[in-house]
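Listed in order, the protein sequences are those of chains A and B. The working numbering numbers the first residue of the first sequence as 51 and each following residue consecutively. The working numbering numbers the first residue of the second sequence as 150 and each following residue consecutively.
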Amino acid sequence: GENVEQHPSTLSVQEGDSAVIKCTYSDSASNYFPWYKQELGKGPQLIIDIRSNVGEKKDQRIAVTLNKTAKHFSLHITETQPEDSAVYFCAASINNAGNMLTFGGGTRLMVKP
Amino acid sequence: EAGVAQSPRYKIIEKRQSVAFWCNPISGHATLYWYQQILGQGPKLLIQFQNNGVVDDSQLPKDRFSAERLKGVDSTLKIQPAKLEDSAVYLCASSLDLSSTEAFFGQGTRLTVV
């Protein structure tokens, strides 16, 4: 089955700096890669996603890149703000949709004011 | 629009006891998921329903876990008997259908088995 590895497990940045979280996946058939943000005591919330036919996608301060050959994808957050502090999860699916997701282990991002 | 509702929020039980969790998905959502999230890990899919039918339950420990969605709306997840390693947050999520990209998660039920 699919295996998704995520790094780093914790990341501390100064407000205004950029943050990068990286994930690798094992199943070359995976074709949908969402990123979720989980705040304390809440369920994960989708923040951005990318399909395998796209190399990069951007939405305001967040962007995701995908390298299918190397089987890795990354989340980039620019101009970080304290409210970006949360746990971020990458995930992968072979169904080109949000079902049958395999999640990474998560990255705790702390943005220091 | 109301979100995914789960209850209870917290539950503490002794090992070998049984426990049940309830989920009410977003109205009109045909697909419902149950995930197990152990502390410090990502969510792990346990079972996925499309209406009242099971789409995938390959990661559900069927000797102790069961789930149902009899009328295609609410769902219950049961553990009987519970083990210490079942301590986790159980998340319910729903999406419009199987082709939807966004799954909406509830707040989860935190289970502690002592």
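Using N, Cα and C, we set each Cβ at its ideal position, and we do this for glycine too. Keep in mind the model is a prediction, meaning the values are calculated, not measured.
Would you mind sorting residue i into buried or exposed? The rule is 16 or more other CB atoms within 10 Å of its CB.
{"i": "B:R218", "result": "buried"}
{"i": "A:G156", "result": "buried"}
{"i": "B:N200", "result": "exposed"}
{"i": "B:A151", "result": "exposed"}
{"i": "B:S248", "result": "exposed"}
{"i": "B:Y159", "result": "exposed"}
{"i": "A:D109", "result": "exposed"}
{"i": "B:L233", "result": "exposed"}
{"i": "A:P163", "result": "exposed"}
{"i": "A:A79", "result": "exposed"}
{"i": "B:V203", "result": "exposed"}
{"i": "B:S176", "result": "exposed"}
May I ask you to report which of helix, strand or coil DSSP gives residue i?
{"i": "A:E55", "result": "strand"}
{"i": "B:L233", "result": "helix"}
{"i": "A:D198", "result": "Because chain A spans 51 through 163 in this model, residue 198 of chain A falls outside it and cannot be assessed."}
{"i": "A:S68", "result": "coil"}
{"i": "B:R218", "result": "coil"}
{"i": "B:T250", "result": "coil"}
{"i": "B:I162", "result": "strand"}
{"i": "A:P84", "result": "strand"}
{"i": "B:Q185", "result": "strand"}
{"i": "B:A179", "result": "coil"}
{"i": "A:S78", "result": "coil"}
{"i": "A:L90", "result": "coil"}
{"i": "B:A151", "result": "coil"}
Could you pull the start and end residues of the beta strand (DSSP E) that residue i belongs to?
{"i": "B:D130", "result": "The question about residue 130 of chain B has no answer here: the residues shown for chain B are numbered 150 through 263."}
{"i": "A:R101", "result": "95–101"}
{"i": "B:G202", "result": "202–205"}
{"i": "A:D109", "result": "106–109"}
{"i": "B:P173", "result": "Strictly speaking, residue 173 of chain B in this sequence is Asn, with Pro absent from that position. Taken as a continuous stretch (DSSP letters only), the beta strand (DSSP E) holding B:N173 covers 168–173."}
{"i": "B:I196", "result": "193–199"}
{"i": "B:K227", "result": "224–228"}
{"i": "B:A154", "result": "154–156"}
Determine, using beta carbons only, whether residue i comes closer than 8 Å to chain A.
{"i": "B:P192", "result": "yes"}
{"i": "B:D206", "result": "no"}
{"i": "B:L247", "result": "yes"}
{"i": "B:A151", "result": "no"}
{"i": "B:A252", "result": "yes"}
{"i": "B:T180", "result": "yes"}
{"i": "B:Q197", "result": "yes"}
Taking only beta-carbon atoms, is residue i less than 8 Å away from chain B?
{"i": "A:F83", "result": "no"}
{"i": "A:G148", "result": "yes"}
{"i": "A:P94", "result": "yes"}
{"i": "A:G105", "result": "no"}
{"i": "A:D77", "result": "no"}
{"i": "A:L90", "result": "no"}
{"i": "A:F12", "result": "Outside the displayed span of chain A (51 to 163) sits residue 12 of chain A, for which this structure offers no information."}
{"i": "A:L61", "result": "no"}
{"i": "A:L151", "result": "yes"}
{"i": "A:D134", "result": "no"}
{"i": "A:G154", "result": "yes"}
{"i": "A:D99", "result": "yes"}
- Task: Enumerate, from N- to C-terminal direction, the unbroken beta strand (DSSP E) stretches of 3 or more residues contained entirely within the segment 112–157 of chain A.
- Result: Within the segment 112–157 of chain A, the complete beta strand (DSSP E) segments of 3 residues or longer fall at 112–117, 122–127, 136–142, listed in chain order.
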